[in-house]
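Per mature numbering (1 follows the signal peptide of the UniProt record, and there is no 0): the sequence shown = residues -16 to -1, 1 to 438.
Glycine included, C-beta positions come from ideal geometry on N, C-alpha and C.
Note that the structure is a prediction, hence the values are computed from the model and not measured.
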Amino acid sequence: MGACLGVCSLLSCVSCLCGSAPCLLCGCCPSTKNSTITRLSFTLFLFLGTLVSIIMIIPGVEAKLYQLPGFCAEGSSLPGTQGVVNCKSFLGHKSVYRMCFATAAFFFLFALVMICVRSSKDPRAAIQNGFWFFKFLILIGITVGAFYIPDGPFTSVWFYFGVVGSFLFILIQLILLIDFAHSWSQIWLRNADDGNSKSWYAGLFIFTFVFYAVSIAAVVLLYVYYTKPDSCLENKILISLNLIFCVAVSVISILPKVQDAQPHSGLLQASIITLYTMYVTWSALANVPNKYCNPTLLVRTEGNGTTVGHAGGETTQWWDAPSIVGLVIFLLCTFFISIRSSDHAQVNKMMLTEESPAMLGGSNSTADEGVHRAYDNEEDGVTYNYTFFHICLLLASLYIMMTLTNWYRPDEQHQLLTSPWTAVWVKISSSWVGLLLYVWTLVAPVVFPDRDFS
């Protein structure tokens, strides 16, 4: 009897995986929207690919990957700047590129299929919200095929795809961060107006002070570790420019005209943007291809996936601190993309997120028929743009690829991994674009007083 129940349970699970998103909702979960379950499920696919990439780049796993065809000939060795580098040391890097290529291709496929889906009545919406078992098989098939792509120019060309995609994903991160900063300030100021204002204002002051204090400490550390009194002019210019821009943004946020147009704007949002800008600056300086000005510059060497500096022979881990922080930010932002529902119309327009009649009209009646159910909230209109959502996950795949490989460029001719100035300028320019976006959210109501920027 127990065996029969087990078989029935297994068949039920398989049929659920072939069905729609509500089947994925466990009995202990509260009722929720079908669209949210779908976005979380696709995000878990991305996280699964990320986990596989992390496992593949772990030094102990590279020895197993050495046996795969199409990578390196047995016993081959390649000349490097520090001596002879075994070809095996590049397997982890290649595997990350191929795994992320597979996830990017997977989401690109669904982005094409889901173009112009308007509601759940479209037959393609059933593909978006169901058939998870077959989607998993498709992802596995693309992944297997990716590992048989001949080397040739693939790695070098895919690097530039990663650079462009990562830049665009950083912009998405910045939009979400700006939205989060404004929402945080508005909610706390609204709570302060409703009552117990001293506690809420004290909280705003404390967080603002902490963010600015950490930012100032970061600037000091950047000057100490990434500049020299007689050299490193580029680093000094980049740090100084971003410091000046952050001060200017903070001043703009408290100008009287800006305060009149947006009473909820203030130093809390500016402090969050400043802290993130300092992180991006740190991440950019970690890619400066000059060991004298960049003590964290890494060069891949043979054995155990460790790295050594160009000089001094010190041994460090392959993942540096900026990459670890970038991985954490990636996880938070990607998860936020899958559950977000902004209150700001302008953010919804930038993120191509729509407010469907079901959302505006309240909860669906289907949700009241029973507990622990996922109900269809998109019968009258989708709550997010399916294609744009998959494009966001595609860009996230490229971003995590660059993060896990430290934004290092593969040199197929000499079989080296180098840190190019391309990575530095992509990160720095993204910080400037982020500051401009934030300034625009402050001055737009002043420049166009007749438009609604709520």
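Looking at the strands, I want to know which residues DSSP matches up with residue i.
i: Lys275; result: In the DSSP output, where bridge partners are listed per residue, Lys275 has none listed.
Between the C-alpha atoms of residue i and residue j, what's the straight-line distance to the nearest angstrom?
i: Leu161; j: Thr367; result: 21 Å
i: Arg435; j: Ala428; result: 9 Å
i: Phe143; j: Met385; result: 9 Å
i: Lys17; j: Trp116; result: 17 Å
i: Asp135; j: Leu388; result: 19 Å
i: Val203; j: Ile223; result: 7 Å
i: Gly179; j: Pro247; result: 18 Å
i: Leu28; j: Asn226; result: 35 Å
i: Ala254; j: Gly418; result: 12 Å
i: Ser104; j: Trp424; result: 35 Å
i: Asp214; j: Trp405; result: 21 Å
i: Leu420; j: Asn113; result: 37 Å
i: Leu121; j: Leu35; result: 17 Å
i: Glu218; j: Ser199; result: 20 Å
i: Phe91; j: Ile111; result: 13 Å
i: Pro341; j: Gly149; result: Confidence at Pro341 is low in this model, with a pLDDT of 41, below 50, so its placement is unreliable and no value can be given for it.
i: Lys275; j: Val312; result: 26 Å
i: Phe193; j: Leu426; result: 21 Å
i: Ala197; j: Val147; result: 32 Å
i: residue 452; j: Asp163; result: This structure does not reach residue 452, given that the chain is present from -16 up to 438, and the question cannot be answered.
i: Ile190; j: Ala165; result: 15 Å
i: Phe314; j: Asn390; result: 14 Å
i: Val97; j: Phe118; result: 15 Å
i: Val309; j: Ile42; result: 18 Å
i: Ile228; j: Ala186; result: 27 Å
i: Ala89; j: Ile21; result: 22 Å
i: Asp106; j: Leu93; result: 18 Å
Return the chain-ordered list of same chain residues with a C-beta closer than 6 Å to the C-beta of residue i, the five sequence neighbours on each side being excluded.
i: Val235; result: none
i: Cys230; result: Thr258, Thr261
i: Pro273; result: Ser403
i: Cys216; result: Cys277
i: Ala268; result: Val408, Lys411, Ile412
i: Leu152; result: Leu379
i: Ile99; result: Thr371
i: Ile321; result: Cys376
Could you name the residues of the same chain whose beta carbon sits closer than 7 Å to that of residue i, not counting the 5 residues immediately before and after it, in chain order?
i: Ile375; result: Ala95
i: Val430; result: Lys241, Val242, Ala245
i: Arg102; result: Gly365, Val366
i: Trp266; result: Ala202, Leu206, Pro306
i: Cys317; result: Gln157, Leu160
i: Ile238; result: Gly250, Leu251
i: Leu30; result: Thr87, Thr318, Leu377, Ala380, Ser381
i: Leu188; result: Trp172, Leu252
Enumerate in chain order the residues of its own chain whose CB-to-CB distance from residue i is below 8 Å, with the five nearest sequence positions on each side excluded.
i: Ala86; result: Gly33, Leu123, Ile126, Thr127, Gly129, Ala130
i: Ser181; result: none
i: Trp184; result: Trp172, Leu173, Asn175, Ala176
i: Asp211; result: Note that residue 211 is Thr in the sequence shown, not Asp. Excluding residues within five positions, the ones whose Cβ falls inside 8 Å are Asn219, Lys220, Ile223, Cys277.
My guess is that residue i and residue j are in contact by the Cβ rule of under 8 Å, so how many angstroms apart are they, rounded?
i: Ser169; j: Leu252; result: 5 Å
i: Met83; j: Ser19; result: The Cβ separation is near 28 Å, so there is no contact.
i: Leu382; j: Phe145; result: 6 Å
i: Val264; j: Ser415; result: 4 Å
i: Arg23; j: Phe373; result: 7 Å
i: Ile256; j: Phe195; result: 6 Å
i: Val208; j: Tyr422; result: Going by Cβ atoms, the distance from Val208 to Tyr422 rounds to 27 Å, so no, they are not a contact pair.
Any chance the CB of residue i is under 7 Å from a heavy atom of the ligand NAD?
i: Tyr185; result: Although the ligand NAD was asked about, the structure shown includes no ligands whatsoever.
Ordered list of alpha helix (DSSP H) runs contained in the region 179 to 245, each at least 4 residues: 181 to 210, 217 to 237, 240 to 245
Sequence ranges, alpha helix (DSSP H) only - wholly within the region 88 to 173, length at least 4: 107 to 113, 116 to 130
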